[in-house]
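Everything in the sequence shown is counted per the working numbering, starting at 231 for the first residue and increasing by one.
From the three backbone atoms N, C-alpha and C, an ideal C-beta is built for every residue, glycine too.
First up is the structure itself, then whatever we jot down about it.
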Amino acid sequence: AATLGRSPAAVRKLASRARQAVKERPPRFLASQTDIERLLIAIGQAVETETIDGLAAMLTEDIELVSDGGGKVVAALRMLSGPPEVAAFLMHIARKPRAGGWHFTPVQANGGAGVLIGSEAGLDSFMAVDLDSGGRIAGIYLIRNPDKLVRVSANGTPAA
Numbered sequence: 231a232a233t234l235g236r237s238p239a240a241v242r243k244l245a246s247r248a249r250q251a252v253k254e255r256p257p258r259f260l261a262s263q264t265d266i267e268r269l270l271i272a273i274g275q276a277v278e279t280e281t282i283d284g285l286a287a288m289l290t291e292d293i294e295l296v297s298d299g300g301g302k303v304v305a306a307l308r309m310l311s312g313p314p315e316v317a318a319f320l321m322h323i324a325r326k327p328r329a330g331g332w333h334f335t336p337v338q339a340n341g342g343a344g345v346l347i348g349s350e351a352g353l354d355s356f357m358a359v360d361l362d363s364g365g366r367i368a369g370i371y372l373i374r375n376p377d378k379l380v381r382v383s384a385n386g387t388p389a390a
């Protein structure tokens with residue numbers, strides 16, 4: 231309570247509300263490589279057609295995207311939410327030209343599927359997603375911070 235600068239009763243209430251929020255949140259499921267591939271194809275089609283409709287349809291209404299650029303590369307400065315905002319951000323990142331085009335390497339991370347995204351210039355991002363029970367994308371986690379990516383080797387395992 232002292233750490234938060236609140237009374238013990240207020241801290242108990244905060245903890246109670248947090249536990250309730252966790253219980254009420256629908257469960258999320260780890261994505262498979264097929265799910266990741268579907269997302270990458272949809273992002274590519276969105277860039278090609280310059281419309282986010284197909285990509286947005288794959289996302290839940292309460293989709294959240296969290297990214298980390300470490301202040302060194304383009305990343306969302308806050309958590310993004312909602313299909314239009316998340317789809318537009320993904321399209322913005324994918325539009326950036328890369329020498330030799332984009333390269334995608336499927337990896338296993340945190341018990342689920344992920345993908346390393348790079349180009350001839352090197353590793354650009356790591357992406358993982360969560361799904362809802364219907365297979366729609368409910369969460370996207372994008373690491374773009376070069377200081378964190380340097381810890382990942384080509385096969386997706388931590389570098390020695």
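Would you call residue i buried or exposed, if buried means 16 or more other Cβ atoms sit within 10 Å of its Cβ?
i	result
Pro391	Because the chain in this structure spans residues 231 to 390, residue 391 falls outside the shown range and cannot be described.
Phe334	exposed
Asp292	exposed
Asp377	exposed
Pro327	exposed
Gly369	buried
Glu278	exposed
Val380	exposed
Leu307	exposed
Leu361	buried
Ser246	exposed
Arg242	exposed
Ala390	Because the pLDDT of Ala390 is 42, which lies under 50, any placement of that residue in the model is unreliable, and the number read from its coordinates should be weighed accordingly. Answer is exposed; the Cβ neighbour count stays below 16.
Check whether the Cβ atoms of residue i and residue j lie closer than 8 Å to each other.
i	j	result
Ile266	Val359	yes
Arg310	Ile367	The residue you asked about is not Arg; residue 310 is Leu in the sequence shown. Against a cut-off of 8 Å, the Cβ pair of Ile367 and Leu310 comes out as no contact.
Gly330	Ser349	yes
Arg374	Ala305	yes
Ala272	Gly342	no
Leu285	Leu320	yes
Val296	Tyr371	yes
Pro336	Gln263	yes
Quick one: what does DSSP say residue i is sitting in, helix, strand or coil?
i	result
Thr233	coil
Gly352	strand
Met357	strand
Pro314	helix
Pro376	helix
Pro327	coil
Ala261	coil
Leu244	helix
Leu346	strand
Ala368	strand
Ala239	helix
Ala305	coil
Ignoring anything shorter than 4 residues, give me the alpha helix (DSSP H) runs that lie fully in the region 264-295, in order along the chain. 283-287
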